[in-house]
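**Student:**
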Amino acid sequence: MSSNVLEKAMSAEILDQSWRRLKSEHTPWSATVPRDELERHLLQHLFSLRDAVLNETYRPQALRQFPMKKPDGSRRIITAQYLADKVIQRALLIILEPKAESLFDDNSYAYRPRRSVDMALKKVAEHTQCGRGWLVDADIEKFFDNISHRLLLKKLTPFINDPKAMRLINAWLKQGAHHKSLLGQRQGIAQGAILSPLMCNLFLDSFDKSLNRANIPFVRFADDFLLFTDSQKNAQAAREYAKKQLDKLALSLHPKKTRVVKSSPKVIFLGQKLNWAAQ
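Residue numbering for the sequence shown follows our numbering, beginning at 39 and increasing consecutively.
Pasting the structure below:
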């Protein structure tokens, strides 16, 4: 990809596409510009935003925060961007997504155009019905919170190949960081940000490719995945292999949500009971 990614994203055509995708949202433009003010002076705000981005005077705004009750009664804080940041990120996504799609593995289904939960479940059925009924039913522990910024930037920099775009993305990452590791390194990305799903798949792309190299069939949907084998012994080996590959990304399998199990209706993946028995 050429080094003018940000300029392409800020072109009138791409900004228009971005705005059309977002205009039905009722999100404020910024902390100081409400939605009705934006509507009255839309072009002025869009052109001012574009100029600020290209001149590198634009600074990401503080994320909006909302408490959300979890099923266990506890609360978590979800974050959301102001509309101006969404417009920029959506424009970048329009430019970056086609290249990313050319790289991603066919067995990755989440956050991708023309892919769905139903497609992932259909592939699960194919594997189990072909005799791969021993599974590693796996979940990555606190995936979005634990993504290493150092490792993510190492993957993003050559992929995007635009220093100006990377400076802006790095600013967004700093803003959305959840905490620092024991070594003081930033980690965690905002789940509510438009670019975060693309970053998720880019971060795990090397993991997907490592499973292919090891001839381990899999279906991954974000941080949930299944590995398919023909025996309990091979499933145990596949789990250990996946653990070692995730270690390279400073990630871990969730100890309570990861198990070796035979396919049955007792296994639920993406909200669906696995009603397909191995042949």
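No residue lacks a Cβ here, since even glycine has one placed at the ideal position from N, Cα and C.
Tell me whether LYS106 sits in a helix, a strand or coil according to DSSP, three-state version.
**Tutor:** The identity of residue 106 in the sequence shown is Met, whereas the question assumes Lys. It is a strand residue.
**Student:** Out of ASN272, ALA273, SER186, GLN274, state which residue places its alpha-carbon closest to the alpha-carbon of CYS238.
**Tutor:** Ranking ASN272, ALA273, SER186, GLN274 by Cα distance to CYS238 puts SER186 first.
**Student:** Counting along the chain, where does the alpha helix (DSSP H) carrying VAL298 start and finish?
**Tutor:** Careful: VAL298 lies outside any alpha helix (DSSP H), inside the beta strand (DSSP E) at 297-300.
**Student:** Pull up the distance between the alpha-carbon of LEU121 and that of ALA50, whole angstroms please.
**Tutor:** If I take the Cα positions, the gap works out to 17 Å.
**Student:** Below 8 Å on the Cβ atoms is my guess for PHE241 versus ALA158; work out the distance and round it to an integer in Å.
**Tutor:** So it is not a contact: roughly 19 Å between Cβ atoms.
**Student:** If we count the other Cβ atoms within 10 Å of its Cβ and call it buried at 16 or more, is LEU53 buried or exposed?
**Tutor:** Buried, by the Cβ-count rule.
**Student:** What does DSSP give as the partner residues of LYS271 in its beta bridges?
**Tutor:** Note: LYS271 sits in no beta bridge, so no partner.
**Student:** Excluding the 5 residues flanking THR195 on each side, which residues of the same chain have their C-beta closer than 8 Å to its C-beta?
**Tutor:** Closer than 8 Å at the Cβ level, and outside the excluded window around THR195, lie MET204.
**Student:** Quick check: what's the CA-CA separation for SER248 versus PRO136?
**Tutor:** Roughly 22 Å separates the two Cα atoms.
**Student:** Where does the unbroken beta strand (DSSP E) through PHE256 begin, and where does it stop?
**Tutor:** Counting along the chain, the beta strand (DSSP E) containing PHE256 begins and ends at 256-259.
**Student:** Starting from the Cα of LYS295, find the closest Cα among THR267, ASP262, GLU278 and give me that residue.
**Tutor:** Selected option, being the one with the closest Cα: ASP262.
**Student:** Can you say whether ASP89 is buried or exposed, counting buried as having 16 or more other CB atoms within 10 angstroms of its CB?
**Tutor:** Flag for ASP89 reads exposed.
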